[in-house]
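The numbering of the sequence shown is the UniProt record's numbering, which starts it at 1 and goes up by one.
See structure below.
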Amino acid sequence: MQYNNMKLDNLFIFAGIMSIKVKNPKDSFTIMNELVLPNDTNTLNNLMGGRLLHWMDIAAAISAQKHCNRIVVTASVDNVSFKQAIKLGDVITIEAKVTRAFNTSVEVRLDVWAENIPSGSRVKSNEAYYTFVAVDQSGRTIPVPELVPESAEETELFEGALRRRQLRLILGGKMKPNDALELKALFFKE
(Lines of atoms letter the chains of each structure in order from A and count residues from 1; the text may use other names and numbers.)
(Lines give C-alpha, C1' and ligand atoms only; values in the text may rest on other atoms or scores of the structure.)
Protein backbone atom coordinates (compact mmCIF):
# COMPACT_ATOMS: atom_id res chain seq x y z
CA MET A 1 0.00 0.00 0.00
CA GLN A 2 1.13 3.53 -0.70
CA TYR A 3 0.63 6.15 2.03
CA ASN A 4 3.09 8.83 0.96
CA ASN A 5 0.61 11.05 -0.85
CA MET A 6 -2.10 10.96 1.81
CA LYS A 7 -3.06 14.21 3.51
CA LEU A 8 -1.98 14.44 7.15
CA ASP A 9 -5.58 14.47 8.45
CA ASN A 10 -6.39 11.30 6.53
CA LEU A 11 -3.18 9.70 7.78
CA PHE A 12 -4.39 9.95 11.40
CA ILE A 13 -7.71 8.32 10.50
CA PHE A 14 -6.09 5.61 8.39
CA ALA A 15 -3.49 4.84 11.07
CA GLY A 16 -6.22 4.49 13.68
CA ILE A 17 -8.19 2.11 11.48
CA MET A 18 -5.17 -0.02 10.62
CA SER A 19 -3.66 0.11 14.16
CA ILE A 20 -0.38 1.34 12.72
CA LYS A 21 1.97 3.00 15.18
CA VAL A 22 2.35 6.63 14.17
CA LYS A 23 5.33 8.55 15.48
CA ASN A 24 6.38 12.18 15.61
CA PRO A 25 9.81 13.64 14.77
CA LYS A 26 10.49 14.29 18.47
CA ASP A 27 10.34 10.52 19.08
CA SER A 28 13.52 10.10 17.03
CA PHE A 29 15.38 13.20 18.24
CA THR A 30 19.01 12.37 19.04
CA ILE A 31 21.88 14.51 20.32
CA MET A 32 25.48 13.33 20.15
CA ASN A 33 28.60 15.20 21.34
CA GLU A 34 32.22 14.59 20.38
CA LEU A 35 35.46 16.31 21.37
CA VAL A 36 37.79 16.88 18.40
CA LEU A 37 41.12 15.28 19.31
CA PRO A 38 44.47 15.31 17.42
CA ASN A 39 43.77 11.91 15.83
CA ASP A 40 40.57 13.38 14.30
CA THR A 41 42.30 16.26 12.50
CA ASN A 42 44.28 16.93 9.34
CA THR A 43 47.58 18.82 9.07
CA LEU A 44 45.74 22.15 9.43
CA ASN A 45 44.27 21.01 12.78
CA ASN A 46 40.78 20.90 11.24
CA LEU A 47 38.42 17.98 11.80
CA MET A 48 38.65 15.57 8.87
CA GLY A 49 35.43 15.40 6.87
CA GLY A 50 35.40 11.61 6.88
CA ARG A 51 35.54 11.49 10.66
CA LEU A 52 32.62 13.92 10.88
CA LEU A 53 30.60 11.88 8.37
CA HIS A 54 31.27 8.78 10.50
CA TRP A 55 29.95 10.51 13.62
CA MET A 56 26.97 11.86 11.70
CA ASP A 57 26.19 8.35 10.44
CA ILE A 58 26.14 7.04 14.01
CA ALA A 59 23.82 9.83 15.22
CA ALA A 60 21.53 9.39 12.21
CA ALA A 61 21.39 5.61 12.69
CA ILE A 62 20.40 6.03 16.34
CA SER A 63 17.64 8.45 15.29
CA ALA A 64 16.39 6.07 12.59
CA GLN A 65 16.42 3.12 15.00
CA LYS A 66 14.40 5.13 17.54
CA HIS A 67 11.77 5.69 14.87
CA CYS A 68 11.78 2.19 13.38
CA ASN A 69 12.50 0.14 16.52
CA ARG A 70 14.43 -2.09 14.13
CA ILE A 71 17.88 -2.60 12.69
CA VAL A 72 18.60 0.06 10.06
CA VAL A 73 21.26 0.30 7.37
CA THR A 74 22.54 3.43 5.65
CA ALA A 75 21.16 3.76 2.12
CA SER A 76 22.36 7.24 1.15
CA VAL A 77 24.00 10.43 2.33
CA ASP A 78 22.88 13.65 0.65
CA ASN A 79 23.27 17.41 0.66
CA VAL A 80 26.21 17.44 3.05
CA SER A 81 27.32 21.00 3.61
CA PHE A 82 30.64 22.04 5.11
CA LYS A 83 30.02 25.67 6.09
CA GLN A 84 32.66 26.17 8.74
CA ALA A 85 35.91 24.38 9.60
CA ILE A 86 35.83 22.57 12.93
CA LYS A 87 39.05 23.00 14.89
CA LEU A 88 41.10 20.80 17.18
CA GLY A 89 39.65 21.07 20.69
CA ASP A 90 36.16 22.05 19.55
CA VAL A 91 33.17 20.16 20.91
CA ILE A 92 30.70 19.22 18.23
CA THR A 93 27.01 18.69 18.79
CA ILE A 94 25.12 16.60 16.25
CA GLU A 95 21.33 16.77 16.30
CA ALA A 96 19.36 14.24 14.27
CA LYS A 97 15.69 13.51 13.73
CA VAL A 98 13.55 11.68 11.22
CA THR A 99 11.87 14.02 8.73
CA ARG A 100 9.74 11.46 6.88
CA ALA A 101 9.01 7.76 6.77
CA PHE A 102 8.42 5.96 3.49
CA ASN A 103 7.46 2.30 3.07
CA THR A 104 10.67 0.70 4.35
CA SER A 105 12.96 3.71 4.71
CA VAL A 106 13.31 6.95 6.65
CA GLU A 107 15.04 10.24 5.92
CA VAL A 108 17.03 11.77 8.80
CA ARG A 109 18.07 15.44 8.96
CA LEU A 110 21.28 16.30 10.79
CA ASP A 111 22.54 19.66 12.03
CA VAL A 112 26.05 20.04 13.42
CA TRP A 113 27.39 22.81 15.65
CA ALA A 114 31.00 23.44 16.62
CA GLU A 115 31.65 24.98 20.01
CA ASN A 116 34.87 26.46 21.30
CA ILE A 117 34.23 26.24 25.03
CA PRO A 118 37.06 28.57 26.21
CA SER A 119 35.93 31.38 23.89
CA GLY A 120 32.23 30.65 24.20
CA SER A 121 31.69 30.66 20.43
CA ARG A 122 29.21 28.27 18.85
CA VAL A 123 28.57 28.08 15.10
CA LYS A 124 26.53 25.87 12.84
CA SER A 125 29.09 24.03 10.76
CA ASN A 126 27.26 21.32 8.83
CA GLU A 127 23.96 19.82 7.79
CA ALA A 128 22.99 16.74 5.81
CA TYR A 129 20.29 14.20 5.04
CA TYR A 130 20.82 10.48 5.55
CA THR A 131 18.46 7.74 4.37
CA PHE A 132 18.14 4.45 6.23
CA VAL A 133 16.32 1.24 5.37
CA ALA A 134 14.81 -0.92 8.11
CA VAL A 135 15.70 -4.61 7.91
CA ASP A 136 14.91 -7.78 9.81
CA GLN A 137 17.49 -10.21 11.23
CA SER A 138 17.89 -11.76 7.76
CA GLY A 139 18.55 -8.41 6.11
CA ARG A 140 15.18 -8.23 4.34
CA THR A 141 13.47 -4.84 4.20
CA ILE A 142 10.50 -4.34 6.50
CA PRO A 143 7.83 -1.64 6.85
CA VAL A 144 8.47 1.33 9.13
CA PRO A 145 6.02 3.34 11.25
CA GLU A 146 4.49 6.42 9.65
CA LEU A 147 5.69 9.86 10.72
CA VAL A 148 3.36 12.77 11.42
CA PRO A 149 4.94 16.22 11.79
CA GLU A 150 3.70 18.50 14.57
CA SER A 151 5.24 21.93 13.91
CA ALA A 152 5.39 24.13 10.82
CA GLU A 153 9.14 23.44 10.49
CA GLU A 154 8.58 19.68 10.74
CA THR A 155 5.82 19.90 8.11
CA GLU A 156 8.13 21.81 5.75
CA LEU A 157 10.87 19.16 6.17
CA PHE A 158 8.25 16.39 5.76
CA GLU A 159 6.94 17.84 2.49
CA GLY A 160 10.45 18.50 1.16
CA ALA A 161 11.48 14.93 1.91
CA LEU A 162 9.41 13.54 -0.95
CA ARG A 163 11.13 15.89 -3.42
CA ARG A 164 14.56 15.01 -2.00
CA ARG A 165 13.69 11.31 -2.27
CA GLN A 166 12.60 11.67 -5.88
CA LEU A 167 15.84 13.47 -6.71
CA ARG A 168 17.88 10.70 -5.02
CA LEU A 169 15.99 8.06 -6.99
CA ILE A 170 16.52 9.90 -10.29
CA LEU A 171 20.24 10.39 -9.64
CA GLY A 172 20.52 6.72 -8.63
CA GLY A 173 18.84 5.60 -11.86
CA LYS A 174 15.83 4.15 -10.00
CA MET A 175 13.25 6.67 -11.21
CA LYS A 176 12.64 8.41 -14.52
CA PRO A 177 12.47 12.22 -14.32
CA ASN A 178 8.97 12.18 -15.87
CA ASP A 179 7.75 10.07 -12.92
CA ALA A 180 8.94 12.60 -10.31
CA LEU A 181 5.64 14.44 -9.93
CA GLU A 182 6.66 16.45 -6.86
CA LEU A 183 9.80 17.74 -8.60
CA LYS A 184 7.92 18.50 -11.81
CA ALA A 185 5.39 20.55 -9.85
CA LEU A 186 8.21 22.85 -8.71
CA PHE A 187 9.22 23.70 -12.26
CA PHE A 188 6.12 23.27 -14.42
CA LYS A 189 2.88 25.01 -13.50
CA GLU A 190 -0.27 23.60 -15.08
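Ideal placement from N, C-alpha and C gives every residue a C-beta, glycine not left out.
**Message:** Looking only at its chain, what residues have a beta carbon closer than 6 Å to the beta carbon of Q84, apart from the 5 residues adjacent to it on each side?
**Reply:** V123 and S125
**Message:** I'd like the list of long-range same chain contacts for D57, defined as Cβ closer than 8 Å, with 5 residues on each side in sequence excluded.
**Reply:** T74, V77 and Y130
**Message:** In whole angstroms, give me the CA-to-CA distance for S28 and S138.
**Reply:** 24 Å
**Asked** Say the cut is 7 Å; is the CB of S105 nearer than that to a heavy atom of the ligand COA?
**Response** The ligand COA is not part of the structure shown, which contains no ligands of any sort.
**Item:** Check whether P145 and A96 have beta carbons under 8 Å apart
**Value:** no
**Request:** Check F188 in the structure and name its three-state DSSP category.
**Result:** coil
**Item:** Identity of the residue in A61, N42, P143 and K21 nearest F132 by Cα
**Value:** A61
**Burial state of residue 191 (16 or more Cβ within 10 Å)** = There is simply no residue 191 to check, as the chain begins at 1 and stops at 190 in what is shown.
**Message:** For D136, tell me which candidate among N69, R109, W55 and L44 has the shortest Cα-Cα distance.
**Reply:** N69
**Prompt:** Do you know offhand how far H67's Cα is from G120's?
**Reply:** 34 Å
**Request:** Within its chain, find whatever has a CB closer than 8 Å to the CB of R164; leave out the 5 residues flanking it on each side and keep chain order.
**Result:** D78, N79, E107 and Y129
**Asked** Taking the DSSP output, what are the residues bridged to R109?
**Response** K97 and Y129
**Item:** Assigned secondary structure, L44 (DSSP; H/G/I helix, E/B strand, else coil)
**Value:** coil
**Message:** Here's the rule: buried if 16 or more other CB atoms are within 10 angstroms of the residue's CB, otherwise exposed. What is R109?
**Reply:** buried
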